[in-house]
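First comes the structure, then the notes that go with it.
In UniProt numbering, the protein residues as written are 1 to 317.
See below:
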């Protein structure tokens, strides 16, 4: 009975936190479910010593991390779970349910700071050139125009795949070369667009999208669909569909929307952009998330130093 009471108390606390994330933080259902799974897993660990989540110690958190490592869980996944616990205990502190955060001195796995995979500039250019040729051809249909516009937007603005799918026609302001994007927690940000992205989107909106709307109506689709990017049935695209399209367009089958997002950030930093600007563009709530690109900035700094400092390189006499 005592164990049932502990499990029930922990389950109730987790439900209240998830409700807070959903209602007050505006997180999407998938994100809330991920938080809940991670907390339930930690709750099982704490209950193993007859404990409660509100009474967890630093030893509990460290032991949980070690247990995950012992079961060969990837460091990036462990870091995500730790991030979840940090948010959970900040909430408990804010709600005055605890007086000490047990995660405060727990170190994040080192590999969390490893730069996410990105494509070389040449690889991105080749992909965009290939889809661009198809989109600019005389017989280009709405699908070719749509796919090229999506790829240009993913790379130009560093958008998440969910943000691409959620874009509406009215969110794109081509006369001002920008798009209004709704990110995690329904937070909105303005994303500037380069000339190539603006041109691709303009052609899609003028020539490609109307054809997809007509095709959708003929197939029994929705007449008032406001999604920017449409399927042949006139419906909004799914995340899985965009993933498959990017993988196919890459030629190698290894690219993904996430890789294009990281490629956008990496290439900006390589060309001298500061991390605060990259943080704003990507919609990171915390600069710490953007700091995975620090070593790219350091590499650029070393290159500038070698090229311009009097003692930065060996001189030929």
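For each residue, glycine too, the CB sits at the ideal point set by N, CA and C.
Small disclaimer: the values here were computed from a predicted structure and weren't measured.
{"Asked": "Verify whether the separation of the beta carbon atoms of residue 118 and residue 266 is less than 8 Å.", "Found": "yes"}
{"Asked": "Could you tell me whether any Cβ in chain B is nearer than 8 Å to the Cβ of residue 69?", "Found": "Among the chains in the structure shown there is no chain B, since it carries only a single protein chain."}
{"Asked": "Extract the residue ranges of the alpha helix (DSSP H) inside the stretch 130 to 157, only unbroken runs of 4 or more that lie entirely within it.", "Found": "142 to 157"}
{"Asked": "At the level of alpha carbons, what is the spacing between residue 25 and residue 204?", "Found": "34 Å"}
{"Asked": "With distance defined between alpha-carbon atoms, name the residue in 180, 36, 219, 172 nearest to residue 81.", "Found": "36"}
{"Asked": "Any contact between the stretch 46 to 53 and the stretch 192 to 209? By contact I mean 3 or more CB pairs, one from each, below 8 Å.", "Found": "no"}
{"Asked": "Taking a contact to mean a Cβ-Cβ separation below 8 Å, would you say residue 61 touches residue 103 in this structure?", "Found": "yes"}
{"Asked": "Kindly indicate which three-state DSSP category residue 310 falls into: helix, strand or coil?", "Found": "coil"}
{"Asked": "Quick check: residue 228 and residue 169, are their CB atoms within less than 8 Å of each other?", "Found": "yes"}
{"Asked": "Jot down the residue ranges of each uninterrupted alpha helix (DSSP H) in the UniProt domain \"Core-binding (CB)\" (8 to 93), minimum 4 residues, whole runs only, in chain order.", "Found": "29 to 47, 58 to 70"}
{"Asked": "Using the beta-carbon count (16 or more within 10 Å), is residue 131 buried or exposed?", "Found": "buried"}
{"Asked": "In whole angstroms, give me the CA-to-CA distance for residue 244 and residue 197.", "Found": "21 Å"}
{"Asked": "Under three-state DSSP, which class holds residue 167?", "Found": "coil"}
{"Asked": "I want to know whether the stretch 251 to 271 touches the stretch 170 to 190 - three or more CB-CB distances under 8 Å.", "Found": "no"}
{"Asked": "Spatial neighbours of residue 135 within its chain, please: CB distance less than 6 Å, with the 5 preceding and 5 following residues excluded, ordered by chain position.", "Found": "144, 145, 148"}
{"Asked": "What three-state label does DSSP hand residue 261 in the structure shown?", "Found": "helix"}
{"Asked": "With DSSP collapsed to three states, give me the class of residue 173.", "Found": "strand"}
{"Asked": "Under 6 Å Cβ to Cβ from residue 290, same chain only, skipping five residues before and after it: list those, please.", "Found": "275, 278, 279, 284"}
{"Asked": "For residue 210, which of 194, 195, 231, 199 has the nearest alpha-carbon?", "Found": "231"}
{"Asked": "My output table needs one value for residue 219: the three-state DSSP class, helix, strand or coil.", "Found": "coil"}
{"Asked": "Which class does residue 188 belong to by DSSP, given the choice of helix, strand or coil?", "Found": "strand"}
{"Asked": "Identify, in the order they occur along the chain, each residue of the same chain with its Cβ nearer than 6 Å to the Cβ of residue 184, setting aside the five sequence neighbours on each side.", "Found": "none"}
{"Asked": "Please work out which residues of its chain come closer than 7 Å, Cβ to Cβ, to residue 320, disregarding the five sequence neighbours upstream and downstream, and give them in chain order.", "Found": "Residue 320 is absent from the structure shown; the chain starts at 1 and stops at 317."}
{"Asked": "Is the beta carbon of residue 158 less than 8 Å from the beta carbon of residue 282?", "Found": "yes"}
{"Asked": "Going by beta carbon distance, what residues of the same chain come within less than 7 Å of residue 242, once the five residues before and after it are set aside?", "Found": "150, 161, 164, 165, 257"}
{"Asked": "Could you check the C-alpha separation between residue 71 and residue 65 for me, to the nearest Å?", "Found": "10 Å"}
{"Asked": "Check this for me: beta carbons of residue 79 and residue 152, under 8 Å apart or not?", "Found": "no"}
{"Asked": "From the DSSP output, read off the bridge partner residues of residue 159.", "Found": "DSSP lists no partner for residue 159."}
{"Asked": "What span of residues does the beta strand (DSSP E) with residue 97 cover, start to end?", "Found": "Here residue 97 belongs to no beta strand (DSSP E), and DSSP marks it neither H nor E."}
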